[in-house]
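In this note's numbering, the protein residues as written are 1 to 341.
Each residue gets a CB set at the ideal place from its N, CA and C atoms; glycine is no exception.
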């Protein structure tokens with residue numbers, strides 16, 4: 001409430017959350033807003049990636065309008081990446097744009113989706129295909145909220161943490177390696193520093209290229225195959241971070257083939273991903289049908305251009321190249337590394 005007052009807000013607002021997060025934190029946030037004279041509306045949604053849809057968005061728009069949430073109101077996104085993306089999309093489009101605040105409660109959202117202003121909903125044929133660049137007025141990260149995450153959800157967030165080390169900061173990657181036990185055990189002191197560093201890296205990249213015309217693309221390291229894995233296996237079956245882990249390993253193999261990415265660096269990456277309880281490939285033998293489905297979905301990717309795939313590849317840990325154009329043959333050949341032999 002106090003933070004919102006400082007930003008000059010008054011009157012009505014809406015808190016968007018899901019049932020999982022809501023049961024832990026909704027009352028605290030609502031009463032905090034009421035204490036400062038705000039009139040909050042609580043919108044609780046079903047948890048999970050399927051909620052990030054036009055159907056849910058329309059339901060929320062109608063709820064906001066019914067409660068006379070006006071242009072001078074604001075939306076609070078209280079939850080993980082799904083809630084943040086959806087609530088941000090609502091804020092960007094409702095009444096042609098109202099203010100919003102991110103209160104990310106998952107590790108994934110704290111280090112990634114809450115910073116940078118990308119908001120979106122999914123279509124049936126792919127993830128984040130309708131959205132906007134729309135910056136929150138404020139992001140509030142409280143590491144205490146990570147205590148209520150399941151181990152699997154927490155590990156999923158660690159994939160994006162690893163990504164920052166690979167794309168930007170080798171020293172940070174070494175720190176993750178060195179402190180992996182503390183990180184796995186949710187040591188809050190260690191985590192505070194790690195989350196701060198991730199946000200610094202993302203903020204630096206985004207401030208140089210907000211609309212993703214160039215450099216910002218490096219944040220998509222591991223995401224081209226990652227998004228395809230999520231879509232093909234079914235949203236929620238494979239968590240975002242699990243899919244991104246597989247995508248990063250795949251990008252590592254491609255980088256070895258195309259950019260001479262050192263084998264020992266690839267091993268360092270694979271070893272850290274495994275240590276954080278994340279997958280490094282598919283738990284099955286090579287399957288041509290699955291490969292075709294993944295490649296077909298990758299072709300829909302917003303970053304692919306006229307039949308060629310554009311990926312972020314890595315020269316060495318801490319240094320990447322974006323916009324690397326690859327044809328289908330090299331994709332088909334390197335994807336085999338992800339299957340059991």
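Simplified DSSP assignment, three categories, for residue i
i           : result
residue 286 : coil
residue 10  : coil
residue 351 : Only positions 1 to 341 of the chain appear in the structure, and residue 351 is not among them; the question remains open.
residue 173 : helix
residue 330 : helix
residue 106 : coil
residue 4   : helix
residue 112 : helix
residue 22  : helix
residue 54  : helix
Assigned exposure category for residue i - 16 Cβ within 10 Å defines buried
i           : result
residue 121 : buried
residue 59  : exposed
residue 199 : buried
residue 341 : exposed
residue 230 : buried
residue 118 : buried
residue 241 : buried
residue 156 : buried
Residue i - containing alpha helix (DSSP H), residue span
i           : result
residue 36  : First-last for residue 36: undefined, no H or E at that position.
residue 271 : 263-275
residue 195 : 188-208
residue 166 : 151-168
residue 246 : 240-259
residue 81  : 81-93
residue 183 : 180-184
residue 231 : 223-233
Residues near residue i by beta carbon distance below 7 Å, same chain, minus five either side
i           : result
residue 146 : 107, 154, 186 and 191
residue 286 : 336 and 339
residue 53  : 121 and 122
residue 2   : 36
Start and end residues, beta strand (DSSP E) containing residue i
i           : result
residue 126 : 126-133
Contact belief for residue i with residue j at Cβ below 8 Å, rounded distance in angstroms
i           : j           : result
residue 111 : residue 161 : 6 Å
residue 243 : residue 256 : Not quite, the Cβ-Cβ distance comes to about 21 Å (not below 8 Å), so this is no contact.
residue 364 : residue 159 : This structure does not reach residue 364, given that the chain is present from 1 up to 341, and the question cannot be answered.
Nonlocal neighbours in the same chain, by C-beta distance under 8 Å from residue i, ignoring five residues either side
i          : result
residue 16 : 43, 45, 60, 75, 76, 77, 78, 79, 83, 86, 87 and 90
Same chain only: Cβ atoms within 6 Å of residue i, ignoring 5 sequence neighbours per side
i           : result
residue 282 : 338 and 339
residue 95  : 71
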